[in-house]
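*Asks:* Protein chains in written order, with my numbering: chain A, 1 to 111; chain B, 1001 to 1117.
After the structure tokens below, expect a handful of questions from me.
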């Protein structure tokens, strides 16, 4: 059974800091790993998708890495801004489009 | 492009009552998903449709939950009767049919927040 764990559960940083969010998964037989952002009262927004054959993806100030062999992924956010405050969820995709989500990291960027 | 639409946004009911949620996916998306997100947890897949057929409903509590996708477009999720532990946000998502599953992205609606008292 696939289990996805995210550490830390919550994180507060001052504006401008670089930060890393961690995700680990137990079963390496995945199609891809995705990072989502969830704002209060809103749905999930896909940030980055890393296919199982890839090692990393970048979008603006975000960089996500994937190490399938160790079952780990990291999301790096450079020069954090108050607008980055949200809950970040990682999810791994197995067969038939099934996404297994972690419990999320709640990020607060303090102005 | 319009996103995934869900209604209502909020619903408060008493236990043992019934409730229904509605979802309209992005136009042209063949696959539709319903997720349950309990406070402090990640979303959990309840049911997945491909057009109007069920692909996966292994985690749907079928004694009280039901879902349908008429004509392969809109979908409704029903709970009857509701229990206290059903309090959660119910998220609908849709995705196109992808030639490469590894590249497939799901697009989520804002969700319906259900409180069962």
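Beta carbons: idealized from backbone N, C-alpha and C, even for Gly.
Predicted model, so just to flag it, every value in this text is computed and none were measured.
#1: Could you confirm whether any beta carbon from chain A is found closer than 8 angstroms to the beta carbon of residue 1094 of chain B?
#2: Can you tell me which residues form a DSSP beta bridge with residue 1068 of chain B?
#3: Nearest chain A C-beta to residue 1109 of chain B closer than 8 angstroms, yes or no?
#4: Cα-Cα, which of B:1012, B:1074, B:1070 and B:1081 is closest to residue 1062 of chain B?
#5: How far does the beta strand (DSSP E) with residue 33 of chain A in it reach, from first residue to last?
#6: What are the start and end residues of the beta strand (DSSP E) that includes residue 1113 of chain B?
#7: Starting from residue 1053 of chain B, trace the beta strand (DSSP E) both ways and give me its first and last residue.
#8: Per DSSP, residue 66 of chain A forms a beta bridge with which residues?
#9: Got a sec: is the Cβ-Cβ distance from residue 1104 of chain B to anything in chain A below 8 angstroms?
#10: Using a Cβ-Cβ distance under 8 angstroms, would residue 1031 of chain B count as near chain A?
#11: Going by the CB atoms, is the gap between residue 25 of chain A and residue 71 of chain A shorter than 8 angstroms?
#12: DSSP beta-bridge partners for residue 1004 of chain B?
#13: Starting from the beta carbon of residue 1081 of chain B, find every residue of chain A whose beta carbon is closer than 7 angstroms, and list them in chain order.
#14: By DSSP, does residue 1083 of chain B sit in helix, in strand, or in coil?
#15: Output, in chain order, the set of chain A residues within a Cβ distance shorter than 9 angstroms of residue 1040 of chain B.
#16: Give the single residue among A:17, A:60, A:51 and A:80 whose Cα lies nearest to the Cα of residue 92 of chain A.
#17: Quick one: what's got a C-beta closer than 6 angstroms to residue 1051 of chain B's C-beta in the same chain, skipping five residues either side?
#18: Chain B partners of residue 52 of chain A, CB-CB under 7 angstroms?
#19: What are the residues of the stretch 1048-1071 of chain B that lie near chain A, defined by any Cβ-Cβ distance shorter than 8 angstroms?
#20: Look at the alpha carbon of residue 64 of chain A and the alpha carbon of residue 76 of chain A, and state the distance between them as a whole number of angstroms.
#21: How about residue 1025 of chain B: is its C-beta nearer than 8 angstroms to some C-beta of chain A?
#22: Quick one: which chain B residues come within Cβ less than 8 angstroms of residue 71 of chain A?
#23: Per DSSP, which one or two residues make a beta bridge with residue 14 of chain A?
#24: Enumerate in chain order the residues of its own chain whose CB-to-CB distance from residue 15 of chain A is below 8 angstroms, with the five nearest sequence positions on each side excluded.
*Replies:* Reading from the atomic positions:
#1: In the second chain, the residue the question calls residue 1094 of chain B occupies position 94. Cβ-Cβ to chain A under 8 angstroms: no for residue 1094 of chain B.
#2: As a working mapping, residue 1068 of chain B is identified with position 68 in the second chain. DSSP output for residue 1068 of chain B lists B:1076 as bridge partner(s).
#3: Position 109 of the second chain, counted from the first residue, corresponds to residue 1109 of chain B. Cβ-Cβ to chain A under 8 angstroms: yes for residue 1109 of chain B.
#4: For this step, residue 1062 of chain B is matched to residue 62 along the second chain. Nearest of B:1012, B:1074, B:1070 and B:1081 to residue 1062 of chain B, Cα basis: B:1081.
#5: The residue given as residue 33 of chain A occupies position 33 in the first chain. For residue 33 of chain A, the enclosing beta strand (DSSP E) covers residues 32-38.
#6: Residue mapping note: residue 1113 of chain B aligns to position 113 of the second chain, counting from 1. In the DSSP annotation of this structure, the continuous segment of the beta strand (DSSP E) that includes residue 1113 of chain B starts and ends at 1112-1116.
#7: As a working note, residue 1053 of chain B is residue 53 in the second chain. Here the beta strand (DSSP E) through residue 1053 of chain B covers 1053-1056.
#8: Here residue 66 of chain A corresponds to residue number 66 of the first chain, with the count starting at 1. For residue 66 of chain A, which the question treats as bridged, DSSP gives the partners A:73.
#9: Translated into the one-based positions of the second chain, residue 1104 of chain B becomes position 104. Look at residue 1104 of chain B: its C-beta is under 8 angstroms from a C-beta on chain A.
#10: Here residue 1031 of chain B is taken as the residue at index 31 of the second chain, counted from 1. Cβ-Cβ to chain A under 8 angstroms: yes for residue 1031 of chain B.
#11: As a first step, residue 71 of chain A must be located in the first chain, where it is residue number 71. As a first step, residue 25 of chain A must be located in the first chain, where it is residue number 25. For residue 71 of chain A and residue 25 of chain A, yes; Cβs fall inside 8 angstroms.
#12: Here residue 1004 of chain B is taken as the residue at index 4 of the second chain, counted from 1. DSSP, once it has assigned bridges, lists no residue as partnering residue 1004 of chain B.
#13: As a first step, residue 1081 of chain B is located in the second chain; it is residue number 81 there, counting from the start. What residue 1081 of chain B touches in chain A: nothing, since even the nearest Cβ is about 27 angstroms away.
#14: Indexing the second chain from 1 puts residue 1083 of chain B at position 83. In the structure shown, the three-state DSSP call for residue 1083 of chain B is coil.
#15: Within the second chain, residue 1040 of chain B is the residue found at index 40, counting from 1. Within 9 angstroms Cβ-Cβ: 9, 103 and 104.
#16: Taking the first chain and counting its residues from 1, one reaches residue 92 of chain A at position 92. Among A:17, A:60, A:51 and A:80, the Cα nearest to that of residue 92 of chain A belongs to A:51.
#17: Indexing the second chain from 1 puts residue 1051 of chain B at position 51. If we look at residue 1051 of chain B and ignore the five residues flanking it on each side, its Cβ neighbours are 1030 and 1072.
#18: As a working note, residue 52 of chain A is residue 52 in the first chain. Near residue 52 of chain A (Cβ distances below 7 angstroms), the residues of chain B are 1102.
#19: Result list: 1048, 1055 and 1056.
#20: Counted from its first residue, the first chain places residue 64 of chain A at position 64. Counted from its first residue, the first chain places residue 76 of chain A at position 76. Residue 64 of chain A and residue 76 of chain A: Cα-Cα distance of roughly 6 angstroms.
#21: For the purposes of this step, residue 1025 of chain B is identified with residue 25 of the second chain, where counting begins at 1. No, no contact with chain A.
#22: Position 71 of the first chain holds residue 71 of chain A. Simply none; closest approach about 16 angstroms.
#23: Residue 14 of chain A sits at position 14 when you count from the first residue of the first chain. Partner(s): A:110.
#24: One-based indexing of the first chain puts residue 15 of chain A at position 15. Here the set comprises 80, 81, 82, 109, 110 and 111.
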